[in-house]
Amino acid sequence: MTRYNIFMPRIATFAVIIFALSSGTAFCEESHQLEKIVVTSSRIQSSLGTGRSVTTLDADNMADSAYDALQDIIGNIGGIDIRRRSPEGIQSDINIRGATFEQNTLLIDGIYMNDPQTGHYTMDLPLTSFDREEVEILKGPASSLYGANSFGGVINVITKKPEDKKLIVTAAGGSRNYFSGGASISYPAGILKNRFSMEWNRAGSYIPDSEFDVINLSESSAINTGFGDYDFFFGYSNKDYGASTFYSNLYPRQAESTDTRFFKLAGRAESGRLKIEPKLFLRRHYDKFSLDKNRPGWQTNYSTNYTYGAGLGFVIEDPFLDAAYGFELSEDRIFSTNMQKHDRGKTGLYAEITPHIFDKLYVNAGIRQDTFSDFETEYSPSVNMKYALFDFLSARAAIGRSFRVPTFTDLYYRDAANIGNGDLKPESSWTYEAGLDYVSEFVNCSAGYFRRNSTDTIDWTRMNTADPWRVSNIGTVETNGAEASIGITPRKVDSLFPIDRFFLSYTALDSYRKHDYLSKYALDYLKQQISAGIDYYLFGFKNSWVLNYKKRVGDMSSSVVVDTKLTKDIIKRDGLRFEVFLEITNLFDEDYSEQSGIPMPGRWIKSGARIEF
1 MTRYNIFMPR IATFAVIIFA LSSGTAFCEE SHQLEKIVVT SSRIQSSLGT GRSVTTLDAD
61 NMADSAYDAL QDIIGNIGGI DIRRRSPEGI QSDINIRGAT FEQNTLLIDG IYMNDPQTGH
121 YTMDLPLTSF DREEVEILKG PASSLYGANS FGGVINVITK KPEDKKLIVT AAGGSRNYFS
181 GGASISYPAG ILKNRFSMEW NRAGSYIPDS EFDVINLSES SAINTGFGDY DFFFGYSNKD
241 YGASTFYSNL YPRQAESTDT RFFKLAGRAE SGRLKIEPKL FLRRHYDKFS LDKNRPGWQT
301 NYSTNYTYGA GLGFVIEDPF LDAAYGFELS EDRIFSTNMQ KHDRGKTGLY AEITPHIFDK
361 LYVNAGIRQD TFSDFETEYS PSVNMKYALF DFLSARAAIG RSFRVPTFTD LYYRDAANIG
421 NGDLKPESSW TYEAGLDYVS EFVNCSAGYF RRNSTDTIDW TRMNTADPWR VSNIGTVETN
481 GAEASIGITP RKVDSLFPID RFFLSYTALD SYRKHDYLSK YALDYLKQQI SAGIDYYLFG
541 FKNSWVLNYK KRVGDMSSSV VVDTKLTKDI IKRDGLRFEV FLEITNLFDE DYSEQSGIPM
601 PGRWIKSGAR IEF
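Okay, structure coming up:
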C-alpha cells in the first residue's frame with residue numbers, strides 16, 4: 001500500500017475541515033453579492049488584461065454557432081485542432097498549437113478534468129448545453145497554474161449559475177435518423193437557487209459502426225450567505241457508440257460505451273483585500289471497449305478510473321503587489337481488466353505575483369511544484385508581460401515550462417494493436433512566445449509567434465501499417481508557429497447594421513524531429529489552418545456561416561468544410577421566446593477526415609425549435 005493510499009482519507013477529511021473553517025472564521029461580515037471572477041490565464045485580476053493569448057466564447061457566441069457540441073464550436077478558433085473520430089462530441093481529441101490531445105488541459109470551473117487513463121476521454125464532458133456560460137481558451141504553457149499536461153494550452157468551461165424561475169425546452173431531428181431533445185428548469189427555493197437539465201442525442205450510422213446514443217444530465221445549486229458564495233454541481237454523461245477504426249486500422253469493428261460523472265463543491269469569500277476559494281471535487285469515468293464487437297469477450301476491456309481531491313486558494317490584493325497562492329491534493333485510481341489496478345497520488349503547491357510597476361506595464365510571474373507518488377517532483381515556472389504602446393495597441397511576451405506524466409494507458413495498456421511501456425519518463429517543454437494585440441470599440445486583431453522545445457516526448461509509433469503501435473520517449477521535438485486573427489462586431493456601434501460578427505484567423509505550424517517511423521500523434525498536426533465566419537441578420541432571420549480550411553503535415557490533400565445555421569425568432573418578448581432553426585454541416589459534402597483513416601460525415605441537415613419562458 002502506497003503512502004498516498006494511507007494518507008488520502010485523512011487528506012480528504014482535512015480538506016473538508018479547511019472548507020468549513022475558511023467560510024466561518026474571518027468572513028462573518030455583512031453579506032453582499034460577489035462579482036463573478038473567472039481568470040484562466042492568472043488567478044489575479046488586472047485591468048490591463050494579460051500577457052497571454054486568450055479567447056473567450058460567451059453564451060451568445062455558443063448559441064449562435066452553427067454547431068451544438070462544444071467540441072465542434074471551439075474548432076473554429078485559430079490554433080485549435082479538433083481531431084474528431086465522430087460528430088456531435090462523441091469522441092474528440094483537442095490539439096492546441098500542435099500539441100497532442102495528451103498535452104493540453106481541460107478545466108470545468110477551474111477544476112482539472114484530464115482523464116488519467118487516456119486523453120481520448122478528456123473531452124467526455126458531463127455537461128448539457130444548458131450548463132455552458134462561457135469558455136476561456138488559453139494558448140501556451142500553463143503548468144505553473146494547473147500542473148501536468150498544459151503544453152499547448154488550457155480550455156476552461158465555465159458553468160452557468162442557476163437563475164430565477166425559467167424553463168427551456170429544445171427538440172431537433174435530421175439526417176441519418178438524428179434526434180435530440182432537452183429540457184432545463186431553474187427553480188429557486190429561498191436563498192438557494194437550483195437548475196436541473198437533461199439532454200438526449202442519438203443518430204444512425206453514416207459509415208458502418210458509427211451510430212451513437214448519448215444522455216447527459218446535470219444538477220446545479222448556488223447559495224449566497226454571510227460567509228461567502230457557494231455552489232454545487234453534478235454532471236452525468238452516458239455514451240454508447242460504434243467506434244469504427246478508432247484506435248487501429250487492423251480491427252475496424254470496434255465499439256465503446258462510456259459513463260462520466262463529475263461532482264464539485266466550491267466556495268468563494270472575501271474580507272478586505274483577501275479572497276479565499278476552497279473546493280472539493282470527484283471525477284469518475286467508466287469505459288467498455290471492444291476491439292472487435294463481432295467476437296464477444298475477445299479483447300474487451302472494462303476500465304473505471306477516479307480522480308478526486310481538494311484545494312484551497314488565496315488571493316491578496318495590495319496597492320504595490322497582488323499575490324495568489326494555494327495547494328491542491330488529489331489522487332488518480334484505475335481498475336481495469338487490461339491494465340489491472342493502479343493509483344497515483346498528487347500534491348500541487350503554486351504561487352504567482354503581479355507587481356504594480358506603472359500603469360502601462362503588466363507583469364506576472366508564477367511557479368508550481370507538483371509531487372507524484374510514482375514520478376519525481378516537477379517544477380514549472382512562468383513569466384508573462386504586456387505593455388500598452390497606445391490605448392488601442394499592446395505588445396505581449398511569455399515564457400514557461402510545462403510537463404506531462406504518462407497516462408495509465410501509456411504505461412500499462414496492451415492489446416493486439418497497441419502496446420504500452422512501463423518504463424516511460426515524463427515529458428517536458430519550454431515555450432517562448434510574443435505578440436501584438438489591437439483592440440477598439442468593434443475591432444479586435446491579434447498576431448503572434450511561438451516556439452516550443454519538447455524533450456523526452458511521448459508518442460505511439462510503428463515502422464509500417466501492419467505493426468502494432470508501441471509507446472516510447474521519442475526524444476526532442478521542436479515546434480514553431482505563427483497566428484493571426486481579426487474579429488469585427490459592427491452591431492456594437494450600430495444595432496441596425498445587418499452584420500453582427502465577422503472573424504478570420506490563420507495559423508501556420510512547423511514541427512521537426514528526425515525520424516524514420518510512423519507517428520500516431522506527436523508529428524501529426526495541422527500545418528495550415530484558416531477559419532472564417534460571418535453572422536448577419538436578413539429579413540428577421542439570423543444566418544451564420546463558418547468555413548474551415550485545414551492542411552495536415554505530410555498530406556498532399558487539404559479540406560475545405562463549410563457549415564451554416566439559420567435561426568428565426570417566432571416569438572420574442574419579456575418572459576417568452578420561441579425560435580426555430582435549420583442547421584447544415586458540411587454543406588458541400590466534402591470527403592475529409594480529422595483522424596487518419598476515419599471519415600467524417602458528409603452533408604448533415606438538422607432542424608428544430610427552442611422555447612424559453
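Counting from 1, one number per residue, gives the positions in the sequence shown under our numbering. We put the beta carbon where it would ideally sit given N, CA and C, even for glycine.
- If you draw a straight line from the Cα of F392 to the Cα of T50, it comes to about 15 Å.
- Per DSSP, F372 is not a residue of any alpha helix (DSSP H); the beta strand (DSSP E) it occupies stretches across 361-372.
- Listed as beta-bridge partners of W469 by DSSP are N418.
- Here A69 carries a coil assignment [DSSP, helix/strand/coil].
- Looking at R603, K527, I570, the one whose alpha-carbon comes closest to that of D81 is K527.
- Under the three-state reduction of DSSP, G348 is assigned to strand.
- Residue nearest to N177 within the set D591, T118, K606 is K606 (criterion: CA-CA distance).
- The beta carbon of Y536 is closer than 7 Å to those of P498, I499, D500, N543 in its chain, skipping five residues each way along the sequence.
- Nearest neighbour of S144 by Cα position, chosen from Q595, A324, Y241, S47, turns out to be A324.
- Contact between the stretch 270-278 and the stretch 290-298 is absent, with fewer than three C-beta pairs closer than 8 Å.
- Residues of the same chain with a CB within less than 6 Å of the CB of S380, apart from the 5 flanking positions on each side, are S143, S144, R368, R401 in chain order.
- In this chain, the alpha helix (DSSP H) harbouring Y146 covers 143-146.
- Residue range 212-225 is occupied by the beta strand (DSSP E) that includes D213.
- Residue ranges of uninterrupted beta strand (DSSP E) with 3 or more members, entirely inside the stretch 500-558 and ordered along the chain, are 526-538, 541-552.
- The bridge partners DSSP lists for D229 are N224, R268.
- Scanning its chain for C-beta atoms nearer than 6 Å, with the 5 sequence neighbours on each side dropped, one finds around D332 the residues P116, T307, R344, in chain order.
- Separation of the CB atoms of L138 and G153 is rounded to 5 Å, and the pair is thereby assigned contact status at 8 Å.
- Cβ neighbours of G309 within its own chain (closer than 7 Å, five residues either side excluded): F281, E328, L329, S330, E331.
- With distances taken between CA atoms, D563 lies nearest to P601 out of P601, V580, L576, K264.
- Taking a contact to require three or more Cβ pairs closer than 8 Å, the stretch 74-93 and the stretch 505-514 qualify as touching.
- With distances taken between CA atoms, R610 lies nearest to G182 out of M123, G182, S505.
- A straight line joining the alpha-carbon of V493 with that of G540 spans about 20 Å.
- Taking the Cα positions, F375 is about 11 Å away from D423.
- In the three-state reduction of the DSSP assignment, P278 falls in the strand class.
- The Cβ atoms of W460 and V477 lie no closer than 9 Å to each other.
- For N194, the CB contacts under 6 Å within the same chain, skipping 5 residues up- and downstream, are P162, Y187, S221 in chain order.
- Looking only at E256, F232, D229, F246, the smallest Cα-Cα distance to D213 is reached by E256.
- Excluding the 5 residues flanking it on each side, S290 has same chain C-beta neighbours closer than 6 Å at A255, T300, in chain order.
- In the structure shown, the three-state DSSP call for I486 is strand.
- Between the beta-carbon of G173 and that of S210 there is about 18 Å, and that puts the pair past the 8 Å contact cut.
- As the crow flies, the alpha-carbon of S175 is around 19 Å from that of D240.
- A Cβ-Cβ distance of about 17 Å is found for the pair R97 and E594, leaving them out of contact under the 8 Å criterion.
- If you check the CB distance, I94 and T128 do not come in under 9 Å.
- When rounded, the separation of the alpha-carbon atoms in A365 and T40 is 15 Å.
- Contact annotation, I488 with V560: C-beta distance approximately 22 Å; criterion of less than 8 Å not satisfied.
- A447 is positioned such that its CB atom lies no closer than 9 Å to that of S394.
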